[in-house]
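Q: Structure below; questions to follow.
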Amino acid sequence: MPDPSGTSPTKLPRHAVITGASSGIGKAIAIEMARHGAHRILVHYCSNQAGAEQTAAEVESFGAQAVLCKADLSISDDRDFLVHDAFSKLETIDAWVNNAGVDVLTGDTASLEFEEKLERLVAVDLLGTISLSRLVVDYWLRQTDCQSAPAIIFIGWDQATEGMEGEAGEMFGPVKAAVMAYAKNLAQSVAPRIRVNAVAPGWIRTAWGSEVDGYWDRRAKHQSLMRRWGTPEDVARAVVFLSSAESSFVTGQVLEVNGGWNRRYERDEDSSS
Ligand SMILES: NC(=O)c1ccc[n+]([C@@H]2O[C@H](COP(=O)([O-])OP(=O)(O)OC[C@H]3O[C@@H](n4cnc5c(N)ncnc54)[C@H](OP(=O)(O)O)[C@@H]3O)[C@@H](O)[C@H]2O)c1
Numbered sequence: 030m031p032d033p034s035g036t037s038p039t040k041l042p043r044h045a046v047i048t049g050a051s052s053g054i055g056k057a058i059a060i061e062m063a064r065h066g067a068h069r070i071l072v073h074y075c076s077n078q079a080g081a082e083q084t085a086a087e088v089e090s091f092g093a094q095a096v097l098c099k100a101d102l103s104i105s106d107d108r109d110f111l112v113h114d115a116f117s118k119l120e121t122i123d124a125w126v127n128n129a130g131v132d133v134l135t136g137d138t139a140s141l142e143f144e145e146k147l148e149r150l151v152a153v154d155l156l157g158t159i160s161l162s163r164l165v166v167d168y169w170l171r172q173t174d175c176q177s178a179p180a181i182i183f184i185g186w187d188q189a190t191e192g193m194e195g196e197a198g199e200m201f202g203p204v205k206a207a208v209m210a211y212a213k214n215l216a217q218s219v220a221p222r223i224r225v226n227a228v229a230p231g232w233i234r235t236a237w238g239s240e241v242d243g244y245w246d247r248r249a250k251h252q253s254l255m256r257r258w259g260t261p262e263d264v265a266r267a268v269v270f271l272s273s274a275e276s277s278f279v280t281g282q283v284l285e286v287n288g289g290w291n292r293r294y295e296r297d298e299d300s301s302s
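For what it's worth, this note's numbering labels the leading residue of the sequence shown as 30, then goes sequentially.
Structure follows, in structure tokens:
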């Protein structure tokens, strides 16, 4: 039976760009892409060159070629450079993953004032990501030899539109909600040439999750129906699916990767409150 998607027989992305691939979720995405047979992967980073080199080494252990590129997404010239570098070194790009995001929860930035953290999140995760995506889309739309619809994937956050108490919710909520809204709007603009989706991770055990106290550990496990933290690999597998032709009829969607949000109210919690 002919493939109604009209896509090439290659179901998985051959060439992919992963922003923020020097650690955490981005690193896992780059490795998962390579594990699934990607040929060339651009490993983007901002300051952690050693982390990016480690990702590149793991990517290459699966036989893929890794290309490193350093760029600060809050700087316009850097965004131009990244996009130009990506298209000149990878030539064709099947999947572009906007994963990079400022870490305002661990390290030096954790002690900044609320407004300063918010400004950084807006500059990188929101404005930087949107401006970058517009450049990528322009490149793709100018290419006439596209065999199949390339995919762009954004990383949001499952609680952004639902609400979470505290400064983290008040900072990440509006920023990640806007990122997911942008993904849906962009999908409307560029279909059917380009597919646009977002993944909304839940409690994923990356840098912050590895150093939390018992309260957050219990909370993360309790709020997932699967009763565990998510892993960067859980998110990576969803991104690979949305990058591949397996999802060729999926666009304008936000896929929550959080083990299912737990809406149950357990009997033993009755007595503990
Ligand atoms: N972990 C979670 O539970 C969770 C949940 C929901 C959503 N997310 C989102 O998932 C994404 C990855 O999170 P993660 O936990 O894996 O974070 P992470 O380990 O801190 O990785 C963040 C990546 O973004 C890059 N980055 C930071 N500032 C940048 C800038 N100004 N310009 C360009 N790149 C920059 C970092 O590069 P360098 O280190 O090289 O500077 C790093 O590669 C983020 O967008 C985050 O908001 C995470």
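A virtual CB, placed ideally from N, CA and C, is assigned to each residue, including glycine. In this text the structure is predicted, and so the values were computed from the model without any measurement.
Have a look at ARG296 and GLN252 and give me their C-alpha separation to the nearest angstrom.
A: 15 Å
Q: Please confirm whether LEU254 and GLY231 have their CB atoms less than 7 Å apart.
A: no
Q: How would you write the range of the beta strand (DSSP E) that SER40 sits in, first residue to last?
A: For clarity, residue 40 is Lys in the given sequence; the question names Ser instead. Taken as a continuous stretch (DSSP letters only), LYS40 belongs to no beta strand (DSSP E), as it is neither H nor E.
Q: Just the Cα atoms here: how many angstroms apart are ILE13 and ASP263?
A: It is not possible to answer for residue 13, since the shown part of the chain is limited to 30 through 302.
Q: For the beta strand (DSSP E) containing ASN127, name the first residue and the last one.
A: 124 to 127
Q: What is the DSSP secondary structure of SER253, reduced to helix, strand or coil?
A: Note: SER253 maps to strand in three-state DSSP.
Q: Counting along the chain, where does the alpha helix (DSSP H) carrying ILE60 start and finish?
A: 53 to 64
Q: What are the uninterrupted segments assigned as beta strand (DSSP E) that are 3 or more residues long and contained completely in the stretch 226 to 274, given in chain order?
A: none
Q: Consider the Cβ of ALA178: report whether some Cβ of chain C lies at a distance smaller than 7 Å.
A: Of the protein chains in the structure, only one exists, and it is not chain C.
Q: Grab me the residues of SER301's own chain with a C-beta within less than 8 Å of its C-beta, minus the 5 sequence neighbours each way, in chain order.
A: The predicted model places SER301 with a pLDDT of 45, which falls under 50 and marks its position as unreliable, so this point remains unresolved.
Q: To the nearest angstrom, how far is the alpha carbon of THR190 from that of ARG257?
A: 22 Å
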